[in-house]
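Taking it in order: structure first as structure tokens, then the write-up.
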Amino acid sequence: MSVTGPSANITAIERLSELELQQGITGPSSWHHQYKDSCYIYIGGLDRRMTEGDIVIVFSQFGEPIDVHLKRDRKTGASLGYCFLGYKDQRSTILAVDNFNGSTLLGRRIRVDHVLDYKPPVEYEDEEDDEGNKIRKEYVPTGAEGQGIGKYYVTESEAMLRDIYRNRPNTQSNRQDNLDEDERWAQEFEASLRKEDTSTEEAEKSDRRSPSPSRHRHRERSRERHRKREDRERRRSRSRERSRREHRSDRRDRHRESRRSR
7 MSVTGPSANI TAIERLSELE LQQGITGPSS WHHQYKDSCY IYIGGLDRRM TEGDIVIVFS
67 QFGEPIDVHL KRDRKTGASL GYCFLGYKDQ RSTILAVDNF NGSTLLGRRI RVDHVLDYKP
127 PVEYEDEEDD EGNKIRKEYV PTGAEGQGIG KYYVTESEAM LRDIYRNRPN TQSNRQDNLD
187 EDERWAQEFE ASLRKEDTST EEAEKSDRRS PSPSRHRHRE RSRERHRKRE DRERRRSRSR
247 ERSRREHRSD RRDRHRESRR SR
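Right, here's the structure in full:
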């Protein structure tokens, strides 16, 4: 960003997101596109009482976090109020930036922005190498629970929640229990669509059974025209029959007159 200051950066990001939303800008034309190879976001303005676990809980609504690095004071270990969070799916960073930048969390307005080139923290082993140099530790992402990527239910609180979930009363079928949240949502959404289609079909049937006044008037006019057409046909038929009878009678009269003259 070309502007400076936390508040200015928050506002600039909000304007970019609102402009893209209004103009329907997506794909390579979007300002997010330049960060397509980075799965990290910056989160600033955090309440200093928040821990890594708190941050993961809040931001996991946009995707699965694989790494969170909360900056702390090296001497006291106290939070400095900002962190870097990595997602498993890069597209989650777009959702987090668009939806959470400028929002209020624990009474503080936070800034959420992309990170173009995340540099993991550098830590060293206690030992030194043969030349007396410090040995740099290999950086390992924390994962959602601080024990590495793909490791779940390792913290006491998560393990307790898992046990509570497993021991809950069985109110659904086993098949439904085995579905994850996305699959269950998809099924509920499809069911709502089917219900809507059924309601639409029933409404259309009801309309056919109970026609509108305009349709009723149209049918009445059609019946009236049909009756008039039948009346005209009957009159024409009677007229043709009368003409044939008159023609036959005239022929008989001429025949009689001819016989008399002979």
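The numbering used here numbers the first residue of the sequence shown as 7 and each following residue consecutively.
In this text, a Cβ means the ideal position worked out from N, Cα and C, and glycines have one as well.
Check: N107 versus V118: straight-line alpha-carbon distance, rounded; Outcome: 5 Å
Check: Residue environment, D73, which counts as buried when at least 16 other CB atoms sit within 10 Å; Outcome: buried
Check: G39 versus K140 - alpha carbon distance; Outcome: Gly is not the amino acid found at residue 39; the sequence shown has His there. For H39 and K140, the distance between alpha carbons rounds to 39 Å.
Check: C-alpha gap between I116 and T17, whole angstroms; Outcome: 11 Å
Check: Collapsed DSSP secondary structure at K140 in the structure displayed; Outcome: strand
Check: Cβ-based burial, A197 [other Cβ within 10 Å; buried from 16]; Outcome: exposed
Check: Cβ separation of K94 and E70, assumed to be a contact under 8 Å, to the nearest whole Å; Outcome: 4 Å
Check: Beta-carbon gap between D60 and L112 smaller than 7 Å; Outcome: no
Check: Distance CB(L101)-CB(I47) smaller than 7 Å; Outcome: no
Check: Pairwise C-alpha distance: Q193 and T204; Outcome: 17 Å
Check: Residues near R55 by beta carbon distance below 8 Å, same chain, minus five either side; Outcome: S85 and L112
Check: Within-7 Å CB hit, Q40 to chain B; Outcome: Within the model displayed, chain B is absent; a lone protein chain is all it includes.
Check: Residue span of the alpha helix (DSSP H) that contains I63, given as start and end; Outcome: E58 to F65
Check: Distance between R78 and I19 (C-alpha atoms, nearest Å); Outcome: 26 Å
Check: With 16 other Cβ atoms within 10 Å as the buried cut-off, status of N105; Outcome: exposed
Check: Among S98, Y124 and T82, nearest to C89 - alpha-carbon criterion; Outcome: Y124
Check: Presumed contact (8 Å Cβ cut-off) between W37 and L27, rounded CB distance; Outcome: Rounded, the Cβ-Cβ distance is 12 Å, inconsistent with contact.
Check: Neighbourhood of E24 by C-beta, 8 Å cutoff - its chain only, sequence neighbours within 5 removed; Outcome: none
Check: Three-way DSSP call (helix, strand, coil) for T99 in this model; Outcome: helix
Check: Which residues DSSP lists as bridging R47, in chain order; Outcome: The sequence given here has Ile at residue 47, not Arg. According to DSSP, which records beta bridges pairwise, I47 is partnered with L91 and H120.
Check: Whether S35 touches V121 by CB criterion (7 Å); Outcome: no
Check: Check whether F68 and S98 have beta carbons under 7 Å apart; Outcome: yes
Check: 7 Å Cβ cutoff met for R114 and G51; Outcome: yes
Check: Nearest-angstrom Cα separation, counted from R200 out to I49; Outcome: 41 Å
Check: In DSSP terms, what L110 is bridged to; Outcome: At residue 110 the sequence reads Thr, which differs from the Leu that was named. Per DSSP, R115.
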